[in-house]
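First comes the structure, then the notes that go with it.
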Amino acid sequence: MSANDKQVSGTHYKDKDIQPWDYIAANKLGYFEGNVVKYVSRWKSKGGVEDLKKARHYLDKLIELNRR
11 MSANDKQVSG
21 THYKDKDIQP
31 WDYIAANKLG
41 YFEGNVVKYV
51 SRWKSKGGVE
61 DLKKARHYLD
71 KLIELNRR
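In my numbering, the protein residues as written are 11 to 78.
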């Protein structure tokens with residue numbers, strides 16, 4: 011059994027053509043980028059605008075870390 015066959019708590023990723031964590035792993039995204047993908051992928055089916063705010067928070071931190 012693959013980890014993709016079982017979702018803990020909810021179904022907000024099960025109906026996706028590509029699981030966000032598969033996309034994150036395949037593209038070797040880091041923690042902050044991965045969380046942006048996760049929250050943007052699920053906002054309509056789970057957290058609504060709050061998930062978009064979470065994605066923005068991670069994006070703001072990523073920008074902060076990369077200002078040079």
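Cβ atoms here follow ideal geometry from the backbone N, Cα and C, with glycine treated the same way.
- contact_flag[the stretch 32-42, the stretch 52-67] where n(CB pairs < 8 Å) is 3 or more: At 8 Å Cβ cutoff, the stretches do not touch.
- Message: In whole angstroms, give me the CA-to-CA distance for Lys26 and Asn76.
- Response: Here residue 26 refers to the residue found at position 16 when the sequence shown is read from its first residue. Here residue 76 refers to the residue found at position 66 when the sequence shown is read from its first residue. Spanning the two alpha carbons is a distance of roughly 31 Å.
- Message: Tell me which residues share the same chain as Leu46 and place their Cβ nearer than 6 Å to its Cβ, disregarding the 5 neighbours each side in the sequence.
- Response: If you number the sequence shown from 1, residue 46 lands on position 36. Sequence check: residue 46 is Val here, not Leu. Taking C-beta separations shorter than 6 Å and ignoring five residues to either side along the sequence, the partners of Val46 in its chain run Ala65, Tyr68, Leu69, following chain order.
- Message: Here's the rule: buried if 16 or more other CB atoms are within 10 angstroms of the residue's CB, otherwise exposed. What is Asp32?
- Response: Looking up residue 32 in the sequence shown gives position 22. Result: exposed.
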